[in-house]
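Asker: First the structure, which I've put down as structure tokens, then a few questions once you've had a look.
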Amino acid sequence: MLYLLLIEKIPQSMLASYFRWLTEKCKEETLEALSDWMVEEAEFLIRALETRKGMATKKTPTDRRTHRSFAAVNNGRERSCVCCNKFGHGEWNCTKFNDGTVRQRWTLAKERKLCYRCLSERHLGKDCPRTQVCGREGCKSNHHQLLHESGTQDQKKKVNQDGEGKISQSPPSRSLQSVPDLKAENSSALEQPTGAEKKTYIATLASSKSSKEVVSFRTVPVWLKANGQKIRVNAVLDDPSSASYISEEVAGGLGLSAPYEPVTVQVLNENIETFDTMPVDLILENSDGNVRVPFQVFTCPRQITGSYKVVDWRRYQKRWSHLGVCDFPEATVDPLVDVLIGQDQVDLHYARCDVRGKPGEPSRDWVR
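Residues in the sequence shown are numbered from 1 upward in steps of one, following the UniProt record's numbering.
Okay, here's the thing in structure tokens:
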């Protein structure tokens, strides 16, 4: 009933835009869908107004971008800020959020499950309608400006270069669901290192340059287990990397936590990436369950292989006769890569046999 009353009050031109939005988003006519559309439409109107008339000259002491908050329809009640539980402002205008350090803002955004791109609680990054480049200090990442952390002069110079090895500073915003591990054993975890000792590793990270040549990384689906939970994700076997990494979202899904420590990663084109990481311990298991090993890794706050998606070879193996003998594992639901297995886990790189075809055709390694 409330939905119909609201629909009657919307002008015909905007109503046409609303129905077009429903079709594009494949959504049904519900009060929640109407609320989502109103929030998105309001943001676009603000952006259009700023473009035509310019941003307001008055800025905060830290030169933060000014945002306005709008009350959306939510079953007749005004939503409160998830950071301070007060009404009348959004998370991006919250005093508690703005007064914290950048690291504290990241932590609060993770705890409250806010979108890293616009700080909204209504969606995750992959569905963000307000994605835009940060722009502060030349930063080309898609995180919100309040989540931008100033670096050294060398790091600023690196951000302004479009070189290989560059990865987005925005943590992956995907919904990862863990399931109970029925085979979990009550064994004590390895002691986790503490302190802020700075460590340097070598890694192959995602490239920002596009290539016309199709390349498939050495990937394998694995189970990660910890705290009685398990998640099935894609792992890439990276021979040049000296350490192993998992995405922070996976670590959060498994309930893993540890003190942060700074890590410097030197990529192959001599660029330097520096970020805070948590050393965590878990169990890695292959899809068949016949390989189960302790797995010490560092968390990575960014996408490990960028937007690269794993190839489901079961769909293509009939194109090449030599791949007919391969029993490819079932692909994961999410094709992105969340684990990088480096040379610190060299035994997992061992190939039991190679399946090769003609020059230019794909080859297959059987690993543990």
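Virtual Cβ for every residue (Gly too), placed ideally from N, Cα, C. This one's a predicted model, so the numbers in the text were calculated from it and none came from an experiment.
To which residues does DSSP link Glu261 through a beta bridge?
Answerer: As a position in the sequence shown, residue 261 is number 261, starting the count at 1. Glu261 is bridged to Thr277.
Asker: Cutting at 6 Å between CB atoms, please list the residues of its own chain near Gln161, excluding the five before and the five after it.
Answerer: Here residue 161 refers to the residue found at position 161 of the sequence shown. Reliability of the predicted coordinates at Gln161 is poor, the pLDDT of 35 falling under 50, and no value is obtained from them.
Asker: Let's test the definition: count the other Cβ atoms within 10 Å of the Cβ of Pro240 and tell me whether it reaches 16, buried, or not, exposed.
Answerer: Along the sequence shown, read from residue 1 onward, the residue named residue 240 stands at position 240. Counting Cβ neighbours within 10 Å, Pro240 comes out exposed, since fewer than 16 surround it.
Asker: Gly342: buried (16+ other C-beta within 10 angstroms of its C-beta) or exposed?
Answerer: Translated into positions along the sequence shown, residue 342 becomes position 342. Buried, because 16 or more other Cβ atoms sit within 10 Å of the Cβ of Gly342.
Asker: Using 8 Å as the cut-off, can you tell me whether the stretch 274-287 makes contact with the stretch 134-143, which would need three or more C-beta pairs spanning the two stretches below that distance?
Answerer: Short answer: they don't touch.
Asker: Determine the direct distance from the alpha carbon of Cys300 to that of residue 449, and round the result to whole angstroms.
Answerer: Nothing can be reported for residue 449: it is not among the residues displayed for the chain, which extend from 1 to 368.
Asker: So what's Gln132 in DSSP terms, helix, strand or just coil?
Answerer: The count along the sequence shown starts at 1 and reaches residue 132 at position 132. Of the three classes helix, strand and coil, the one that applies to Gln132 here is coil, per DSSP.
Asker: For Gly135, tell me which candidate among Glu149, Asn98, Ile7 and Tyr350 has the shortest Cα-Cα distance.
Answerer: What you label residue 135 is simply residue 135 of the sequence shown in a count that begins at 1. Closest option to Gly135, Cα to Cα, is Glu149.
Asker: CA-CA distance, Thr107 and Asp288?
Answerer: Against the sequence shown, residue 107 aligns to sequence position 107. Against the sequence shown, residue 288 aligns to sequence position 288. Their Cα atoms are separated by approximately 36 Å.
Asker: Do you know offhand how far Glu8's Cα is from Phe19's?
Answerer: Here residue 8 refers to the residue found at position 8 of the sequence shown. Here residue 19 refers to the residue found at position 19 of the sequence shown. Approximately 13 Å, taken between the alpha carbons.
Asker: By the 10 Å Cβ neighbour count, where 16 or more other Cβ atoms means buried, how is Leu146 classified, buried or exposed?
Answerer: Here residue 146 refers to the residue found at position 146 of the sequence shown. When all chains shown are included, Leu146 counts as buried.
Asker: Would Gly255 pass as a contact of Asn234 if the rule is Cβ separation under 7 Å?
Answerer: In the sequence shown, the residue the question calls residue 255 occupies position 255. In the sequence shown, the residue the question calls residue 234 occupies position 234. In this structure, Asn234 does not lie closer than 7 Å to Gly255 by Cβ.
Asker: Using only alpha-carbon positions, find the residue among Val250, Phe44, Val333 and Glu285 that is nearest to Asp312.
Answerer: Numbered from its first residue, the sequence shown carries residue 312 at position 312. The residue with the shortest Cα to Cα distance from Asp312 is Val333.
Asker: Can we count Ser241 as close to the ligand SAH, meaning its CB is less than 6 Å from some heavy atom?
Answerer: Absence of the ligand SAH from the depicted structure is noted, as is the absence of any ligand whatsoever, leaving it without description.
Asker: Residues bridged to Ile46 by DSSP?
Answerer: For the purposes of this step, residue 46 is identified with residue 46 of the sequence shown, where counting begins at 1. Paired residues: none, contrary to the question.
Asker: My output table needs one value for Ser247: the three-state DSSP class, helix, strand or coil.
Answerer: Against the sequence shown, residue 247 aligns to sequence position 247. Residue state, collapsed to three classes: strand.
Asker: When the distance is taken between beta carbons, is Asp127 closer than 7 Å to Ser244?
Answerer: Here residue 244 refers to the residue found at position 244 when the sequence shown is read from its first residue. Here residue 127 refers to the residue found at position 127 when the sequence shown is read from its first residue. Cβ distance not < 7 Å, so Ser244 and Asp127 don't count as in contact.
Asker: Roughly how many angstroms lie between the CA atoms of Val297 and Phe328, to the nearest whole one?
Answerer: Residue mapping note: residue 297 aligns to position 297 of the sequence shown, counting from 1. Residue mapping note: residue 328 aligns to position 328 of the sequence shown, counting from 1. Those two C-alpha atoms are separated by around 26 Å.
Asker: Would you decide whether Glu29 is buried or exposed? Buried here means 16 or more other CB atoms lie within 10 Å of its CB.
Answerer: The sequence position of residue 29 within the sequence shown is 29, counting from 1. It is exposed - the Cβ of Glu29 has fewer than 16 other Cβ atoms within 10 Å.
Asker: Which one or two residues does DSSP pair with Asn234 in a beta bridge?
Answerer: Numbered from its first residue, the sequence shown carries residue 234 at position 234. Pro221 and Val337, per the DSSP bridge assignment.
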